[in-house]
Amino acid sequence: MNFDLRTVNVTRYITPLREGGSLPALADADDDFKYVLKFRGAGHGVKALIAEFLGGQIAKYLGLPVPELVFATLDEAFGRTEGDEEIQDLLKFSQGLNLGLHYLSGAITYDAAANDCEALLASKIVWLDAYITNVDRTFKNTNLLIWKKELWLIDHGAAFYFHHSWNNWETTALTPFALIKDHVLLPKASKLDKAHQEFTAKLNNDILHKIVDQIPEDWLQWEEQDITPEEIKSVYTQFLTSRLANAELFLKQAEDARKTLI
Numbered sequence: 001m002n003f004d005l006r007t008v009n010v011t012r013y014i015t016p017l018r019e020g021g022s023l024p025a026l027a028d029a030d031d032d033f034k035y036v037l038k039f040r041g042a043g044h045g046v047k048a049l050i051a052e053f054l055g056g057q058i059a060k061y062l063g064l065p066v067p068e069l070v071f072a073t074l075d076e077a078f079g080r081t082e083g084d085e086e087i088q089d090l091l092k093f094s095q096g097l098n099l100g101l102h103y104l105s106g107a108i109t110y111d112a113a114a115n116d117c118e119a120l121l122a123s124k125i126v127w128l129d130a131y132i133t134n135v136d137r138t139f140k141n142t143n144l145l146i147w148k149k150e151l152w153l154i155d156h157g158a159a160f161y162f163h164h165s166w167n168n169w170e171t172t173a174l175t176p177f178a179l180i181k182d183h184v185l186l187p188k189a190s191k192l193d194k195a196h197q198e199f200t201a202k203l204n205n206d207i208l209h210k211i212v213d214q215i216p217e218d219w220l221q222w223e224e225q226d227i228t229p230e231e232i233k234s235v236y237t238q239f240l241t242s243r244l245a246n247a248e249l250f251l252k253q254a255e256d257a258r259k260t261l262i
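The numbering of the sequence shown is full-length UniProt numbering, which starts it at 1 and goes up by one.
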């Protein structure tokens, strides 16, 4: 599988998509498509982009429905005419390489009370989120869309939460991930073991290394920590490979959490 992403140039900032620290936005690019842009100048900076990139690439490899990811370049002059000072600052601090998700025009937010999700797909999404320690796919904020009558996964920027402190990643890699109890699809995830068998057979250390290796060098210059880009990549790779090797830990946590719901 080819893990390379296309690179587009952002041509027009259209509108912010929701309130909050990350301030994603809808924008046009020079390939005549619209994208949901995630900005390096937002709250969690490049670490949120790395989480989005890794989560999206792993999901894509596993055959889960995710919008196309692209690298999105913001020119130095971009946003100078923006009237909102907060947005102008965001664009100024986001010059260079950002991340875009293909915009699913007309999509609606998944509602667990109104929308269904087939048991195996629900189980696969729960497994993925437990694997990448994604804390943000809850009833309050599903990060799921219905587009053309199909379910799509968006927004993995809150995954890999260990990297915000960069301490004890070895311990986090082996956590059962108790927060899976809040997952919006857990009540529907009755085939967790089948999802586990499929995904642990499909993922391997070589694939994970290739995905991590595609993180742009530009996102690995961390001033707050004395660590090289190669060392950063090595930690992400070790985190993912260790977590995969011990996947029974978070599988059992998810299964036990589900038993309390049914």
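Where a beta carbon is used, it is the ideal one built from N, C-alpha and C, also for glycine. Because the structure is a prediction, the values reported are computed rather than measured.
Report task. Could you tell me the distance, in whole angstroms, from the CA atom of residue 298 to the CA atom of D4? Result -> Residue coverage of the chain in this structure runs from 1 to 262, which leaves residue 298 outside it and unanswerable.
Report task. Please confirm whether W152 and P65 have their CB atoms less than 8 Å apart. Result -> yes
**Report entry** Contacts around V126, its chain only, beta-carbon distance under 8 Å, and the 5 residues preceding and following it disregarded
**Finding:** I180, H183, L185, L186, A189, L192, A195 and A254
Query raised in the report: With respect to the beta strand (DSSP E) encompassing P229, which residues constitute its N-terminal and C-terminal limits?
Result: From DSSP, P229 is part of no beta strand (DSSP E) but of the alpha helix (DSSP H) over P229 to A245.
Query raised in the report: Under 8 Å between the Cβ atoms of P176 and K124?
Result: no
Report task. Spell out the partners DSSP gives K34 in its beta bridges. Result -> D28
Query - Residues near F139 by beta carbon distance below 8 Å, same chain, minus five either side - result: A112, D182 and V184
Report task. Using only alpha-carbon positions, find the residue among A42, I207 and A122 that is nearest to E86. Result -> A42
Report task. Select from F39, L121, N134 and G45 the residue whose C-alpha is nearest the C-alpha of D75. Result -> F39
Query raised in the report: Where does F93 fall in DSSP's three states?
Result: coil
Report task. Please work out which residues of its chain come closer than 7 Å, Cβ to Cβ, to R115, disregarding the five sequence neighbours upstream and downstream, and give them in chain order. Result -> Residue identity differs from the one stated: residue 115 is Asn in this sequence, not Arg. These residues qualify, in order along the chain: I146.
Query raised in the report: Of all the alpha helix (DSSP H) runs that stay within the bounds of the segment 148 to 209, which reach a length of 4 or more residues?
Result: 169 to 173 and 192 to 202
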